[in-house]
Amino acid sequence: MAPAALRLALALAALYCACASPTDASATATTVPPYVKQCREDDPHLTQCFIAALHHVRPFIAKGIPEIELPPVEPFRLEELSLALSSGPGGYRVTLRDLDIFGASNFTVQRLALGGAGKPFEARILIPQLAIDAKYSSSGVLIILPASGNGTFHATLGDVNALLRGRAVVEERQGDDGAAGRFLRVQSLALDLAIKTVRMRVRKAFNNNRILTEATNLFLRENGHEVVKAMMPQLRGKLADVFQQIANGLLAHVPIDLILLPAADPSPAA
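Pasting the structure below:
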């Protein structure tokens, strides 16, 4: 595998849902969909071109691409997170279900290390804000109050820094148009998150019991970062799994040669 092709694989795999989106089945090697920005193999600023390509695809993945059955990324859903916020038999436990997460497509790639020679790729991205809406249920004792009940949960996470690390391979196989081609597959993807600001609240909780609702919101205001810390192991793993599935679902349709033009190719980059 040529070094430039490997660099492309690593760059595209680096950003889960922003990986260059697939072409539709009718596209040919010379038909470039509007959501694909091409780069040239001999570009002295190839890394910057890859970053620009990832930024280029943001509005398309936000709204979805119906012709390739790509659903909108805004929002994307996680099924469940379960948190133990205090210990003991009456410990305060929270379950969040049907989490809709908004803002993931509004990312900026701050750094991209393309790896090579068997090394993993790395990408550092900044998301200004993630908003979360979910169904909320809790059990146990919160401070001194029994706090079992249901409601809705809302959170705003500000200045989310994500570090993605992973490995990708190039596979040769038949594409959607029946022609042989080279395609990327993400073998592994890990995700670390650092979140600067946290705001959380519950609504319509505990059968509209005002005292319990206010006590819960006070706890969330004063302990928001601790709640995020309790979420983090599950959140990292589930997000990495979701992003890897999305990336591989998309990359399965995008031949490398559609995105990376060879140095000898006289056609201009898109």
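FYI, in mature numbering (1 follows the signal peptide of the UniProt record, and there is no 0) the residues of the sequence shown are -20 to -1, 1 to 250. Ideal placement from N, C-alpha and C gives every residue a C-beta, glycine not left out. Computed from a predicted model, the values in this text were never measured in an experiment.
Pick from L173, P100, L94 that is closest to C29, judged by C-alpha positions: As a working note, residue 29 is residue 49 in the sequence shown. The shortest Cα separation from C29 among L173, P100, L94 belongs to L94.
Chain-order list of residues whose beta-carbon lies under 6 Å from that of L143 (same chain, five-residue window excluded): Walking along the sequence shown from the start, residue 143 turns up at place 163. Closer than 6 Å at Cβ, skipping near neighbours: R104, D172.
Segment limits, alpha helix (DSSP H) that includes H36: Residue numbering aside, residue 36 sits at position 56 when the sequence shown is read from its first letter. H36 -> alpha helix (DSSP H) spans 26 to 36.
Neighbour-count burial assignment, T3, 16 or more Cβ in a 10 Å radius: By 1-based counting over the sequence shown, the position of residue 3 is 23. In this prediction, T3 has a pLDDT of 34, which is less than 50 and means its spatial position is unreliable; what the coordinates show is noted afterwards. Result: buried.
Per-residue burial, Q225 [other beta carbons within 10 Å of its own, 16 or more giving buried]: Looking up residue 225 in the sequence shown gives position 245. Exposed, by the Cβ-count rule.
Segment contact, 8 Å Cβ cut-off, at least three pairs: the segment 37 to 51 with the segment 212 to 223: no
Cβ-Cβ distance between V182 and T136 below 8 Å: One-based indexing of the sequence shown puts residue 182 at position 202. One-based indexing of the sequence shown puts residue 136 at position 156. No, the pair does not count as a contact, with Cβ atoms beyond the cut-off.
Helix, strand or coil at L65 according to DSSP, with G and I counted as helix: Here residue 65 refers to the residue found at position 85 of the sequence shown. Three-state DSSP puts L65 in coil, outside helix and strand.
Uninterrupted beta strand (DSSP E) stretches inside the segment 67 to 124 (no shorter than 3 residues): 73 to 82, 88 to 93, 101 to 119
Alpha helix (DSSP H) segment containing L192, residue limits: Counted from its first residue, the sequence shown places residue 192 at position 212. L192 -> alpha helix (DSSP H) spans 190 to 202.
For Q167, the three-state DSSP class (helix, strand or coil): Counted from its first residue, the sequence shown places residue 167 at position 187. Q167 falls in the strand class under three-state DSSP.
Of the residues L241, Y116, V121, the one placed nearest N130, counting alpha carbons only: Residue 130 sits at position 150 when you count from the first residue of the sequence shown. Per the Cα distances, Y116.
Buried versus exposed, by CB contacts within 10 Å (16 or more), P51: The count along the sequence shown starts at 1 and reaches residue 51 at position 71. Classification of P51: exposed, given that the 10 Å Cβ count is below 16.
Helix, strand or coil at D237 according to DSSP, with G and I counted as helix: Against the sequence shown, residue 237 aligns to sequence position 257. Of the three classes helix, strand and coil, the one that applies to D237 here is helix, per DSSP.
I48 versus A42: straight-line alpha-carbon distance, rounded: Taking the sequence shown and counting its residues from 1, the one referred to as residue 48 is at position 68. Taking the sequence shown and counting its residues from 1, the one referred to as residue 42 is at position 62. Their backbone Cα atoms lie some 14 Å apart in a straight line.
C-beta atoms of residue 251 and R20 nearer than 8 Å: No statement about residue 251 is possible, as the shown extent of the chain runs from -20 to 250 and does not include it.
Boundaries (first-last residue) of the beta strand (DSSP E) holding G131: For this step, residue 131 is matched to residue 151 along the sequence shown. It spans 129 to 154 - the beta strand (DSSP E) in which G131 sits, taken as one unbroken run.
Beta-carbon spacing of R57, D23 below 8 Å: Position 77 of the sequence shown, counting from 1, holds the residue named residue 57. Position 43 of the sequence shown, counting from 1, holds the residue named residue 23. No, Cβ-Cβ distance for R57 and D23 is not below 8 Å.
According to DSSP, residues forming a beta bridge with L58: For this step, residue 58 is matched to residue 78 along the sequence shown. In DSSP, L58 forms a bridge with L79.
Reduced DSSP secondary structure (H/G/I, E/B, other) of P213: By 1-based counting over the sequence shown, the position of residue 213 is 233. In this structure, P213 counts as helix in the three-state DSSP scheme.
Buried or exposed (CB count within 10 angstroms, at least 16 for buried), H25: Taking the first residue of the sequence shown as 1, we reach residue 25 at position 45. Looking at its Cβ environment, which holds fewer than 16 other Cβ atoms inside 10 Å, H25 is exposed.
Local Cβ density within 10 Å of P108, reported as buried at 16 or more and exposed below that: By one-based count along the sequence shown, residue 108 stands at place 128. Per the 10 Å Cβ criterion, exposed.
Contact under 8 Å by Cβ, A195 with I123: What you label residue 195 is simply residue 215 of the sequence shown in a count that begins at 1. What you label residue 123 is simply residue 143 of the sequence shown in a count that begins at 1. Contact flag set, yes.
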